[in-house]
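So the sequence shown is numbered by this note's numbering: it starts at 26 and just counts up by one.
Before any comments, here is the structure.
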Amino acid sequence: KTTQVKGKGVPDPPRFPLAESVAQWRDEGRVAVWLHVPILQSSLVAVAASQGFAFHHAEQGSSTLTLWLGEGPSRLPGFATHQLGVAGAVLDESTGKVLVVQDRNKTINAWKFPGGLSNPGEDIGDTAVREVFEETGIKSEFKSILSIRQQHEHPGAFGKSDMYIICRMEPSSFHISFCQHECLQCKWMDLEELARTENTTPITSNVAKLLLYGYREGFDRIDITMREFPAVYTGLFYKLYHRELPESYKNMT
Numbered sequence: 026k027t028t029q030v031k032g033k034g035v036p037d038p039p040r041f042p043l044a045e046s047v048a049q050w051r052d053e054g055r056v057a058v059w060l061h062v063p064i065l066q067s068s069l070v071a072v073a074a075s076q077g078f079a080f081h082h083a084e085q086g087s088s089t090l091t092l093w094l095g096e097g098p099s100r101l102p103g104f105a106t107h108q109l110g111v112a113g114a115v116l117d118e119s120t121g122k123v124l125v126v127q128d129r130n131k132t133i134n135a136w137k138f139p140g141g142l143s144n145p146g147e148d149i150g151d152t153a154v155r156e157v158f159e160e161t162g163i164k165s166e167f168k169s170i171l172s173i174r175q176q177h178e179h180p181g182a183f184g185k186s187d188m189y190i191i192c193r194m195e196p197s198s199f200h201i202s203f204c205q206h207e208c209l210q211c212k213w214m215d216l217e218e219l220a221r222t223e224n225t226t227p228i229t230s231n232v233a234k235l236l237l238y239g240y241r242e243g244f245d246r247i248d249i250t251m252r253e254f255p256a257v258y259t260g261l262f263y264k265l266y267h268r269e270l271p272e273s274y275k276n277m278t
């Protein structure tokens, strides 16, 4: 059993009998306490720390501290371990050209696919659609996942790991109107040229070669597709990404 203490019900430090509460929770057999502190009552953090609480995470308006009361090392789950970045490889199949950008604030002006960080609660494909449009002005549709990169100790992830997903996208508009605050250049480049150029990053080069292979031999050879299923939690759904299954296997009972 755990105890949640949160919201406006948390009293000010002089009236907060935390030591007595912790003793009571121990007597009740509680194994952990989650303490949610509104930002305007942050002076409570020092009081909690004196009783053994430690930070778990913080959001814009509050911080969450925990205290493990059970036996042995804490078994409480940690906070987020990764951030998620998503890029869109937008391929015009009629011309064999792919949409690429050069970031304005990078030390190396290499060609890459437009993309950025996913927002909380945002699906992978929706992030790709949004980021492509925000950076280039091109409207596109999510078709599949091409690659997933995991990097630990990412310098922009505050000590967390970084997941970077590149999606195959199909354009529905073609006139570029790129964001000059984020991008130095943006253009449609021949896919084979991108696969061969040295003016790019290793991940872009390798995914360009993968995309070229799919373009020539069939995207079914490279696509990681998406299907939606009901979750075990009532009323919720999740998206499962996997290699395409033949219909005979999809419908097995």
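Positions of the beta carbon are idealized from the N, C-alpha and C atoms, including for glycine.
For the candidate residues G86, G260, W93, F158, whose alpha-carbon lies nearest to that of A74?
For this step, residue 74 is matched to residue 49 along the sequence shown. Answer by Cα proximity: W93.
What residue ranges within the segment 35 to 122 form continuous alpha helix (DSSP H) runs of no fewer than 4 residues, ordered along the chain?
Here the runs fully enclosed are 43 to 52, 69 to 75.
Going by the DSSP bridge assignment, what does F262 pair with across the sheet?
On the sequence shown, position 237 is the one that residue 262 refers to. DSSP output for F262 lists P255 as bridge partner(s).
Are the Cβ atoms of C211 and E159 separated by less than 8 Å?
As a first step, residue 211 must be located in the sequence shown, where it is residue number 186. As a first step, residue 159 must be located in the sequence shown, where it is residue number 134. Against a cut-off of 8 Å, the Cβ pair of E159 and C211 comes out as no contact.
Taking only three categories from DSSP, how would you classify R246?
Counting from one through the sequence shown, the residue named residue 246 turns up at place 221. Residue state, collapsed to three classes: helix.
Less than 8 Å between the beta carbons of I149 and I190, yes or no?
For the purposes of this step, residue 149 is taken as residue 124 along the sequence shown, with counting starting at 1. For the purposes of this step, residue 190 is taken as residue 165 along the sequence shown, with counting starting at 1. Going by C-beta atoms, I149 is nearer than 8 Å to I190.
Tell me the rounded alpha-carbon separation between T250 and F262.
Indexing the sequence shown from 1 puts residue 250 at position 225. Indexing the sequence shown from 1 puts residue 262 at position 237. Distance between the alpha carbons of T250 and F262 is about 16 Å.
Determine whether the beta carbon atoms of A83 and L171 lie at a separation below 8 Å.
To locate residue 83, count along the sequence shown from 1; it is residue 58. To locate residue 171, count along the sequence shown from 1; it is residue 146. Going by C-beta atoms, A83 is not nearer than 8 Å to L171.
Exposed or buried, what is L265 when buried is set at 16 or more other beta-carbons lying within 10 Å of its beta-carbon?
Within the sequence shown, residue 265 is the residue found at index 240, counting from 1. L265 should be labelled exposed.
Give me the DSSP bridge partner(s) of D186.
On the sequence shown, position 161 is the one that residue 186 refers to. According to the sequence displayed, residue 186 carries Ser and not Asp. H107.
Taking just the CA atoms, how far does L235 sit from I201?
Start at 1 with the first residue of the sequence shown, and residue 201 comes out as number 176. Start at 1 with the first residue of the sequence shown, and residue 235 comes out as number 210. When rounded, the distance between both Cα atoms is 24 Å.
Of all the options V257, D248, Y240, which has the alpha carbon lying nearest to the alpha carbon of R268?
Numbered from 1 along the sequence shown, position 243 holds the residue referred to as residue 268. Nearest C-alpha to R268: D248.
When you compare the CB positions of M194 and F167, do they come within less than 8 Å of one another, or not?
As a first step, residue 194 must be located in the sequence shown, where it is residue number 169. As a first step, residue 167 must be located in the sequence shown, where it is residue number 142. Contact flag set, yes.
Quick one, which of G95, E96, P102, S165 has its alpha-carbon nearest T89's?
Translated into positions along the sequence shown, residue 89 becomes position 64. For the residues G95, E96, P102, S165, the minimum Cα distance to T89 belongs to P102.
Give the DSSP bridge partners of C192, in chain order.
Position 167 of the sequence shown holds residue 192. C192 is bridged to G113, I170.
Going by the CB atoms, is the gap between G121 and Y240 shorter than 8 Å?
Here residue 240 corresponds to residue number 215 of the sequence shown, with the count starting at 1. Here residue 121 corresponds to residue number 96 of the sequence shown, with the count starting at 1. In this structure, G121 lies closer than 8 Å to Y240 by Cβ.
Give the secondary structure of R268 by DSSP, where H, G and I count as helix, E and B as strand, and everything else as coil.
Position 243 of the sequence shown, counted from the start, is the residue given in the question as residue 268. Three-state result, R268: strand.
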